[in-house]
C-alpha cells in the first residue's frame, strides 16, 4: 500500500515538474488572472462582486462562434466579440450597477447573480443547450516544439497577453489622471467624490476595462474550448471568484495573484493527477479554498489585522 | 394583544399553504404536480430563510443540505432488491437497509442537520464575502462528491424506484411543519438573539450575544429543515445530481429575495409567487389557452422571466414583495398604534 502511494506520489511530482504541464498551468493561471483583474477592478471601485462576469465572457464567445460560422475573418470575429461584450458591460453598469450603488454588498451580489442567470437563460433560449462552435482561431491550439517538449501556442499567447495587459493596466492606474481617480475611489469613495472625482465616470471606465478583459478572455478560451454553450466559462468564473476572495479582494494586486494562483493550481493538479482521481479535482480545489479562507479570511496576500470583525 | 399578533404571524403563512394544498386537490392530475412542487418549494425556501433571513448572512450552500437529504431518503427507501441494479457500488449497510416513508424523511432531515452542523463549525467564523464564497465551495464539493462517489448513491444516474409517497397531503403537512419550526425558532430566545446580530452586530456583541454560536445553531436547524425538504422532493419526482446544483440554488434564493428575505411571510409568499409564475409559464411553453386565445412562448422562457423579475425586484424593491415584514392585520396594527399613543 505504501509503495503504491509512494510511486503514485513520485509520478505526481514527475508530472508536476514537467515543463509542458508547467506552461499549461501558467497559461491557465494567466487567463484566470485576467478574469480576476476584471472582477477585482469593479469590486475595488464599486464594492460590487460581479457574478455575471462569466456570462460576459460567454456572450463574447458566442459572438466569435457567430462570426466563425459565417466565415468572417479572424479580426472581424474579435472585433464583434469586443463590441458585444463592451455593449453588454455598459448596459449592465447603467441598468443594474448604478441604481444599486448605495445598497449593501449582499444585495448587489444577488442582483448580479440574477443577471448572470438571465444572460445564461437567454443564451439557452437563443442558441440551445448544445451551443455553437467557434473555429476562427483553432490553429493556435496546435503545439510547437520547444526542445523536447511540445507546448501549445495558446499557452504562450495567453501568458504574453496577460503580461502586456497587466503592464498597461498598471501604467493606466499609476500614470494617468483617470487612473488616479480610480485609485482614489477605490480607497475612499465618498472623500474622492468630495474632491471632485466623478463617480459615474470612474465606474464606467472600470466596467469598460473589465469588459475589454472579458472579451480578451473569451478569445483565449474559445481557442482551447471551441464548443460554446450557455454555461461557457461558468466553472472558470466560480473558480476565479473563489481565487479572488482567497487572494484578498481589498487590493487589486492580491486579487489578481489569487486568480492566478487558483488557475495555476487547477492546471497543475489537472495535468498531474491520474485520471481516476481528477474527477475529484473540484472538491480538492474548493477544499483548499475553504482552508485558506479559514486560516486567512481577509485574503492570502493581505497583511492580517486579526480575526475579529471590524465594526 | 401580542399573542394575537403572533397568532396572525403564524396563521397567515400556514393558511396560505393550506389553501394552496386544498386548491391543488380540485385541479386535474396533471396540474396537481405544480401544486406539490410549489409546496415543496415553500419547505425549501423557509428552510433557507431560517438561516439567511434571521442572520442576514448570504448562503449559497443550502442546496448541499437539500441534496444530502435527497440522497439519504432516496438511497434508503429504494427497495432492497432494486438497489444492485441501479447502485451496484453501494456500501453494504446502505444496500441492506430499507426504511419506510416517515423514517426516511426524518433520516434525511437528520443527515442534513448534522452535515450543516459539521460544515458550520468552521465556516460560521467567517462573514461577508468570505462566508459567501466558502458556502459556495461547500456546494461545489457536495455536488462533486455526490456526482462521482458511487458508494453512497447512484452517482450520475437518476434515482429510480423511490416510492412516490409525497402527495398533496404530505407536501402540505411538510410545508406546515417547516413553517411552524421556523416560526418557533424565530420567536425563541435563540432566534431573537440571532436577529439582533443581524440588525447590529456590535450592539449584539456588547450585550453578550455570541454571533458565532447563534449562527451555528441557526445553520444546523436550517440544514435540518433543508434535508427534510430534500427528502420530500425525492419521494415526489426521480431526479439526479444536476437537479440539486446551481439552478436550484438560484431559483430558491430568487424566491426568498423576491418574497422578502427578512420575514417568514416573505419566504412563503416568494416561494408560492415564483412557483405560480413558473407553472403558468411552463403551461405557456406547451401552449396555454386562456379565453380562446392560445399563448405560446418558446421553451426555456420560464427561467428568463424568473431571473428578469428577480433582477427587477432587487433593483426596484430590494426588501422584496412583502417588504421583509411579517403579515399583520391592518386593524390589529392600528389598535396597537393607538394603544402606544396613549
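Chains as they are written, first to last, in my numbering: chain S, 9 to 319; chain Y, 10 to 351. For glycine and all other residues, C-beta sits at the position ideal for the given N, C-alpha and C.
Check, Outcome
"Quick check on the DSSP output: what are the complete alpha helix (DSSP H) runs of length 4 or more inside the region 46 to 128 of chain Y, in order along the chain?", "71 to 86, 92 to 95 and 101 to 104"
"Residue range of the beta strand (DSSP E) that residue 159 of chain S falls in?", "157 to 160"
"Classify residue 319 of chain S as helix, strand or coil using the three-state DSSP reduction.", "Confidence is the limiting factor: at residue 319 of chain S the pLDDT is only 37, short of 50, which leaves the residue's position unreliable, though a coordinate-based value still follows. Reduced to three states, the DSSP call for residue 319 of chain S is coil."
"For residue 151 of chain S, which of helix, strand or coil comes out of DSSP?", "strand"
"Have a look at residue 9 of chain S and residue 207 of chain Y and give me their C-alpha separation to the nearest angstrom.", "For residue 9 of chain S, the pLDDT reaches just 49, beneath the cut-off of 50, and the residue's location in the model is therefore unreliable, although a value from the coordinates is still provided. Near 51 Å, if we compare the C-alpha coordinates of residue 207 of chain Y and residue 9 of chain S."
"DSSP three-state label for residue 36 of chain S, please.", "helix"
"Establish whether the CB of residue 323 of chain Y and some CB of chain S are separated by less than 9 Å.", "yes"
"Helix, strand or coil: how does DSSP classify residue 351 of chain Y here?", "Since pLDDT at residue 351 of chain Y reaches only 47, below the 50 mark, its modelled position is unreliable, and the value read off the structure follows with that caveat. Residue 351 of chain Y falls in the coil class under three-state DSSP."
"Closer than 6 Å by C-beta to residue 308 of chain S: which residues in its own chain qualify, once you throw out the five before and the five after it? Chain order, please.", "254, 255 and 300"
"When DSSP labels each residue in this structure, what does residue 297 of chain Y get in the three-state scheme?", "strand"
"To the nearest whole angstrom, what separates the beta carbons of residue 151 of chain S and residue 159 of chain S, a pair I think is in contact under 8 Å?", "6 Å"
"Please list the terminal residues of the continuous alpha helix (DSSP H) segment that includes residue 189 of chain S.", "185 to 195"
"Give the straight-line distance between the Cα atoms of residue 258 of chain S and residue 74 of chain S, rounded to the nearest whole angstrom.", "38 Å"
"Under 7 Å between beta-carbons, which chain S residues line up against residue 317 of chain Y? List them in chain order, please.", "126"
"In whole angstroms, what is the alpha-carbon distance linking residue 32 of chain S and residue 148 of chain S?", "14 Å"
"Taking its Cβ as the centre, do 16 or more other Cβ atoms sit within 10 Å of residue 160 of chain Y, making it buried, or is it exposed?", "exposed"
"Does any residue of chain S have a CB that is nearer than 9 Å to the CB of residue 263 of chain Y?", "yes"
"When you compare only the Cα positions, how much space is there between residue 88 of chain S and residue 143 of chain S?", "15 Å"
"What residues in its chain sit with their C-beta under 7 Å from that of residue 86 of chain S, if we drop five residues either side in the sequence?", "227"
"Could you tell me the distance, in whole angstroms, from the CA atom of residue 114 of chain Y to the CA atom of residue 70 of chain Y?", "20 Å"
"With a threshold of 9 Å between beta-carbons, can residue 252 of chain Y be considered close to chain C, or not?", "Judged by its chain identifiers, the structure shown contains no chain C, and its protein chains are S and Y."
"If I'm right that residue 250 of chain S touches residue 142 of chain Y with Cβ under 8 Å, what's the distance once you round it to whole angstroms?", "5 Å"
"Over the uninterrupted alpha helix (DSSP H) stretch that includes residue 221 of chain Y, give me the two end residues.", "220 to 243"
"What residue does the alpha helix (DSSP H) around residue 80 of chain S start on, and which one ends it?", "Taken as a continuous stretch (DSSP letters only), residue 80 of chain S belongs to no alpha helix (DSSP H), as it is neither H nor E."
"Taking the alpha-carbon of residue 51 of chain S as reference, which of S/193, S/199 and S/146 has the nearest alpha-carbon?", "S/193"
"Quickly, what does DSSP pair residue 140 of chain S with across the bridge? List them, please.", "S/236"
"Can you tell me whether residue 290 of chain S is helix, strand or coil according to DSSP?", "helix"
"Output the distance between the C-alpha atoms of residue 136 of chain S and residue 69 of chain S, rounded to the nearest integer angstrom.", "15 Å"
"With residue 195 of chain Y as the anchor, note down where its alpha helix (DSSP H) starts and where it stops.", "177 to 196"
"With DSSP as the reference, label residue 271 of chain Y as helix, strand or coil.", "coil"
"By how many angstroms is the C-alpha of residue 281 of chain Y removed from the C-alpha of residue 50 of chain Y?", "8 Å"
"Give, in chain order, every residue of the region 282 to 305 of chain S whose Cβ lies closer than 7 Å to some Cβ of chain Y.", "287, 288, 290, 291, 294, 295, 297, 298, 301, 302 and 305"
"Please classify residue 318 of chain S as buried or exposed, where buried requires at least 16 other C-beta atoms within 10 Å of its C-beta.", "With a pLDDT of only 43 at residue 318 of chain S, under the threshold of 50, the placement of this residue in the model should not be trusted; the figure read from the coordinates follows. Exposed, since its Cβ has fewer than 16 Cβ neighbours within 10 Å."
"Work out the CA separation of residue 327 of chain Y and residue 94 of chain S for me, nearest whole Å.", "27 Å"
"Exposed or buried, what is residue 36 of chain Y when buried is set at 16 or more other beta-carbons lying within 10 Å of its beta-carbon?", "exposed"
"Which term fits residue 20 of chain Y, buried or exposed, when burial requires 16 or more other beta carbons within 10 angstroms of its beta carbon?", "exposed"
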